[in-house]
Structures are given as structure tokens and as C-alpha cells.
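Asks:
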Amino acid sequence: MARKRRSSSRALFAMAALAGSCLPMQAAIIGTCTIMVGASGTMKANPAISILGSKQAGGSSASATVVASSLLCSILNLLDCYSVSAPAPAAFSSAPSGGGTNVTFASVFRLDGSGADVNGSVPQRVVNGTHAMQVDLTATKSSGIFPAGNYQGTVTVRCE
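The numbering of the sequence shown is the numbering used here, which starts it at 145 and goes up by one.
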């Protein structure tokens, strides 16, 4: 029995040493995805004042830079280790009284200068590297018009 105990403790010691040596490697494999917020966008009203959007005449897109880096993706030559999205908010961050009622929101984004809009809620896979992102938000009032005042909508860019 003494021999069995020694082999078990040697095996446990070897497993503990192996587990301890794997910890730094595990952290390196996970990788990082950094989002740097750029310029804020500007929403403008349509002529009927029922839509506020950054794609309306005089509006502008918000911008961000996404930097994806994953050792696992580099080693295995995977092209799709991270995905980015920019889902629309449920409500304005701030709006005048009555401005946020009967409103639906939609967001789209573009990566790396592509002219193709991607629905903000649909994750788009990205390779390791730096990616320029443009984000647009549209708020549509189903009945009535938007009252005069200042509106602010916040779109959260995600990298997962």
C-alpha cells in the first residue's frame, strides 16, 4: 500500500505542476478585443419630423475603432474569433417630454469602409487586427411628430 500512495502522490504532484504551468498559457490564448470610441454621430429629422436618424440629410455616423487580438486565432489560422455588434437602444438616453413615446429604434453599422449596412443586432465576425466602424441610429415615431428639444441616443458597441 505504501507504494500505491507514493505513486498517487507523484501523479498528483505531476498534475499540479502541469496545471500550474498551464495558467499563463491559458491567459495568452483568450486574447483581447478593444473598442475605442471615436466621434459621436448626429441625428437629424426627416421633413415630416417623424424620423430622427444619422442617415437623414445633415446627419452623421458615429465612429469607433475595434482592435481584435487572439493568439489562438493566430496559431490556428482562424478568421472568425471575435464578433462585433451594435444593437439599437430600447429608448433615448435623454429626450423632451413625450419625445420617447411610440418610438422604435434601429441601428446599422459598417466595418472597414464597407458600404454594406449590417443590422446592429447581427454580430459580424472580424479577423485579428484594427477595424474602423461606423454606426448609424434611426428613431421612428409611429404616431405624431417628435416634439422640439434635444435628443440623445446611445448605441453600445460589443465585441464578443
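For glycine and all other residues, C-beta sits at the position ideal for the given N, C-alpha and C.
Taking C-beta to C-beta, are S229 and G175 nearer than 8 Å?
Replies: Counting from 1 along the sequence shown, the entry for residue 229 is found at position 85. Counting from 1 along the sequence shown, the entry for residue 175 is found at position 31. Cβ atoms of S229 and G175: not closer than 8 Å.
Asks: I need the DSSP call for L167, collapsed to helix, strand or coil.
Replies: Working through the sequence shown from its first residue, we reach residue 167 at position 23. For L167, the pLDDT reaches just 42, beneath the cut-off of 50, and the residue's location in the model is therefore unreliable, although a value from the coordinates is still provided. Helix at L167.
Asks: Looking at G182 and G243, is the spacing between their C-beta atoms short of 8 Å?
Replies: By 1-based counting over the sequence shown, the position of residue 243 is 99. By 1-based counting over the sequence shown, the position of residue 182 is 38. Not a contact, by the Cβ cut-off of 8 Å.
Asks: Which one or two residues does DSSP pair with Y295 in a beta bridge?
Replies: Your numbering for residue 295 matches position 151 in the sequence shown. Y295 is not bridged to any residue.
Asks: Assuming contact is defined by CB atoms lying nearer than 8 Å, are V262 and R254 in contact in what I supplied?
Replies: Residue numbering aside, residue 262 sits at position 118 when the sequence shown is read from its first letter. Residue numbering aside, residue 254 sits at position 110 when the sequence shown is read from its first letter. A contact, by the Cβ cut-off of 8 Å.
Asks: Counting C-beta neighbours from all protein chains within 10 Å, is the total for A283 16 or more, i.e. buried, or is it exposed?
Replies: Your numbering for residue 283 matches position 139 in the sequence shown. Buried: at least 16 other Cβ atoms inside 10 Å.
Asks: Specify, as a first and last residue, the run of the beta strand (DSSP E) that M277 falls within.
Replies: In the sequence shown, residue 277 corresponds to position 133, counting from 1. Note, M277: beta strand (DSSP E), 273-285.
Asks: Quick one: Cα of A158 to Cα of M277, how far?
Replies: The residue you call residue 158 lines up with position 14 of the sequence shown. The residue you call residue 277 lines up with position 133 of the sequence shown. In this predicted model, A158 has a pLDDT of only 38, less than 50, meaning its place in the structure is not dependable; the value taken from the coordinates is given anyway. Distance between the alpha carbons of A158 and M277: 48 Å.
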